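The working numbering applies: residue 1 is where the sequence shown begins, and numbers increase by one.
Backbone N, C-alpha and C define an ideal beta-carbon position, used for all residues, glycine too.
The model shown is predicted, which means the values in this text are computed figures rather than measured ones.
Encoded as structure tokens, the structure appears first; notes follow it.
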Amino acid sequence: MPKRTGRPLVHAATVLALLAGSAYFTYELRKDEQAKVPAAQTITENLDNSGKSTGKQTWERLNNPARSVLRDGKGAVIATFTDGARTATLKGPTRTFAEPATTSTKVVTDDWVRMMPETWTRGSEKQQWFKDWFKQYYGSEEDDIFAFAFQYIQGAPAKKDDQGIQYAGHAYYGPLKADGVDRYEQTDFYDYLGIPYTFRDGVTKYPQSDRLRSVDCSGYLRLVYGYRARFPLMSDNDHGDGLPRTADGMARGKEGVDVVKLQGPGPWYERPAGIDVLQPGDLLFFKMDHRTGNHMDHSAIYLGPDTEGHKVFISSRKEQNGPTIGDQGGVSRLDGNGFYAKLFRSAKRL
Numbered sequence: 001m002p003k004r005t006g007r008p009l010v011h012a013a014t015v016l017a018l019l020a021g022s023a024y025f026t027y028e029l030r031k032d033e034q035a036k037v038p039a040a041q042t043i044t045e046n047l048d049n050s051g052k053s054t055g056k057q058t059w060e061r062l063n064n065p066a067r068s069v070l071r072d073g074k075g076a077v078i079a080t081f082t083d084g085a086r087t088a089t090l091k092g093p094t095r096t097f098a099e100p101a102t103t104s105t106k107v108v109t110d111d112w113v114r115m116m117p118e119t120w121t122r123g124s125e126k127q128q129w130f131k132d133w134f135k136q137y138y139g140s141e142e143d144d145i146f147a148f149a150f151q152y153i154q155g156a157p158a159k160k161d162d163q164g165i166q167y168a169g170h171a172y173y174g175p176l177k178a179d180g181v182d183r184y185e186q187t188d189f190y191d192y193l194g195i196p197y198t199f200r201d202g203v204t205k206y207p208q209s210d211r212l213r214s215v216d217c218s219g220y221l222r223l224v225y226g227y228r229a230r231f232p233l234m235s236d237n238d239h240g241d242g243l244p245r246t247a248d249g250m251a252r253g254k255e256g257v258d259v260v261k262l263q264g265p266g267p268w269y270e271r272p273a274g275i276d277v278l279q280p281g282d283l284l285f286f287k288m289d290h291r292t293g294n295h296m297d298h299s300a301i302y303l304g305p306d307t308e309g310h311k312v313f314i315s316s317r318k319e320q321n322g323p324t325i326g327d328q329g330g331v332s333r334l335d336g337n338g339f340y341a342k343l344f345r346s347a348k349r350l
């Protein structure tokens, strides 16, 4: 495997000096957008676990989005399955996710986000494929979407498969450009892996040697949901079925369910009035750059509430140079009036 070349650290003062020039990077554009978005929205939880105690597991249908929930004998929701989606949220052993190198934020959760072999439809609980899948994964501690996602943060140990290919371990965003400030985008999961990858449409993509162990924001989602969790992947935004290449392609693509729909006029659209429908594992999309027209230009994975009650996410970003739940470049929260909270636009459940 080729060795990743070192990347220089850029002092904050140098960044500020360079931004005074004619180049317009996301770091500078954030100042402009603070005044263009509405105040913080109110937030309520999607499910209140208020089902009746029956002494046995029961199924219930809910709307917005259409979904089936499974309650235990005491009425508490223990699993959620959304029509048109393959990701499911199951209750299981409590885990703690943290990134002490970059933030004090901690997520303590009993949610386990898993990929089903087929898309959920009403009545799927009666089908044999689901019965077999649920028996295998309910209560299982096998790695899920959250476990995969945190295997790429700073300090994550390297993991290799039987062929010696490193499939997990600290990931970066991408190499610095010649200006020493901005970072290259268009870094996909196969760049992280350092191997060619042939997609289902027959197209083979080849890694760039200077992008080894790197993934941009959408490449990170493709690494986690596609390469690791086996959701089908498209070679670009236009050909075949599966998860598209870019954040905008994912946000507008046909895969999954739009749980928070894009609203308002482009190119900036509107901040959602409420985000109570979000569920751990949902894909999040942001509008944060003048240069990308009406495209969504950042993507993330929703984790749920942290220990302080803030709704947090994980994403690969330039400022942190890789996947993070940290605070550099803006706290990783959807509530409040932080940078990312103000520029959040839509969400999808795969």
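Counting only the same chain and skipping the five closest in sequence on each side, list residues whose C-beta sits under 8 Å from that of SER332. THR103, THR105, ALA300, VAL312, PHE313, ILE314, SER315, THR324, ILE325, GLY326 and TYR340
Within 10 angstroms of the Cβ of LYS287, are there 16 or more other Cβ atoms? Answer buried if so, exposed if not. buried
Short check: CB of LEU350 to CB of TYR225, under 8 Å? yes
By the three-class DSSP mapping on this structure, what secondary structure does LYS36 have? Unreliable positioning characterises LYS36 in this predicted model, as indicated by a pLDDT of 41, which lies under 50. A coordinate reading is not provided.
In this structure, how does DSSP classify ALA247 when only helix, strand and coil are distinguished? helix
Spatial neighbours of TRP59 in its chain, beta-carbon cut-off 7 Å, leaving aside the 5 residues before and after: SER68, LEU70 and GLU125
ASN49 in three-state terms, based on DSSP: Model confidence at ASN49 stands at a pLDDT of 42, short of 50, so the residue's coordinates are unreliable and nothing is read from them.
Close-in-space but distant-in-sequence residues of the same chain around TYR197 (CB under 6 Å, 5 per side omitted): TYR190 and LYS205
Tell me the DSSP secondary structure of SER332 in three-state form. coil
Taking 8 Å as the threshold (C-beta atoms), are VAL260 and PRO272 in contact? yes
Cβ of GLY352 within 8 Å of Cβ of GLY338? Only positions 1 to 350 of the chain appear in the structure, and residue 352 is not among them; the question remains open.
At the level of alpha carbons, what is the spacing between GLN151 and ASP143? 10 Å
Following the continuous beta strand (DSSP E) through SER346, name the residue where it begins and the one where it ends. 344–349
Check the C-beta distance from GLY240 over to ASP201 and give it rounded, since I have them as a contact under 8 Å. 4 Å
Measure the CB-CB distance between SER355 and GLY174 and report whether it falls below 8 Å. There is simply no residue 355 to check, as the chain begins at 1 and stops at 350 in what is shown.
Taking C-alpha atoms, which residue in LEU176, GLU185, GLY219 and ASN237 lies nearest to VAL203? ASN237
Going by other Cβ atoms of all chains shown within 10 Å of its Cβ, with 16 needed for buried, is SER53 buried or exposed? exposed
Mind checking whether LYS393 and LEU283 have CB atoms under 8 Å apart? Outside the displayed span of the chain (1 to 350) sits residue 393, for which this structure offers no information.
For GLN186, count neighbouring Cβ atoms within 10 angstroms of its own Cβ and tell me buried if that reaches 16, exposed if not. exposed
Could you tell me which residues DSSP puts in a beta bridge with PHE286? HIS298 and PHE344
Of the residues GLN127, THR89 and THR121, which one's Cα is nearest the Cα of THR109? THR89
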